[in-house]
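> Our numbering numbers the first residue of the sequence shown as 24 and each following residue consecutively. Note that the Cβ used here is the ideal one computed from N, Cα and C, for glycine as well. A quick note: this is a predicted structure, and the numbers were derived from the prediction, not measured. Take this structure, written in structure tokens, and hold onto it; I'll ask about it next.
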Amino acid sequence: MLNKHQSLVYCMVVMSAADSDMTDVELMTMQQIVSFLPVFTGYDPGDLADDAGKCAEVLLDEDGFDKALDLIRESLPVSLRETAYALAVEVAAADLHAGEEELNLLQMIRHKLDIDRLIAAGIERGARARYSVS
């Protein structure tokens with residue numbers, strides 16, 4: 024079982040791996056998130072690479088995405104599920120383009136974490152506003 028910080032990191036890594044291409048921008052976004060957000064108080068940002076690597080190992084398994092999402096769901100407190108979804112959206116938006124794989128995975132995460140559709144739409148709209156360039 025993961026702790027809450029690892030669960031949130033796993034959610035970001037899963038999102039980054041959706042299109043089989045973890046970009047530098049996505050990795051930098053994850054680093055900024057774990058260094059800045061209050062939910063990561065007590066988390067050593069130096070652990071990010073190790074935790075991300077462990078998640079990547081899970082993703083290599085057959086049905087790796089499902090296994091990782093199940094692990095996140097089992098480990099994450101219900102009170103942080105919306106936070107996890109918001110972090111996944113941040114990573115998806117980081118490179119200013121969310122492809123079909125990423126959008127499909129966001130839907131999987133939303134369902135797996137039981138995120139209400141309207142709450143998810145609000146989170147997504149907020150990210151769209153933050154990452155708009157024109």
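Using only alpha-carbon positions, find the residue among Ile56, Asp47, Asp42 that is nearest to valine 32.
Looking at the Cα atoms, Ile56 is the closest of the given residues.
> Going by beta-carbon coordinates alone, are methionine 35 and methionine 51 separated by less than 8 Å?
Against a cut-off of 8 Å, the Cβ pair of methionine 51 and methionine 35 comes out as no contact.
> Nearest to serine 30 by alpha carbon, out of Leu110, Val48, Gly149, Arg153?
The option with the nearest alpha carbon to serine 30 is Leu110.
> Using a Cβ-Cβ cut-off of 8 Å (strictly less than) and excluding sequence neighbours within five positions of arginine 140, which residues of its own chain qualify?
Closer than 8 Å at the Cβ level, and outside the excluded window around arginine 140, lie Arg133.
> Mapping the DSSP letters down to three states, classify threonine 64 as helix, strand or coil.
Looking at threonine 64 - three-state DSSP - the assignment turns out to be coil, as it is neither helix nor strand.
> Let me make sure I understand the geometry here. Which of Tyr154, Ser58, Phe59, Met24 has the alpha-carbon closest to that of glutamate 113?
Selected option, being the one with the closest Cα: Tyr154.
> Are at least three pairs of beta-carbons, each pair with one atom in the region 42-49 and one in the region 84-97, less than 8 Å apart?
Result no; under three Cβ-Cβ pairs closer than 8 Å.
> In terms of alpha-carbon separation, which member of Ala41, Leu126, Leu71, Pro68 lies closest to glycine 87?
The shortest C-alpha separation from glycine 87 is found at Ala41.
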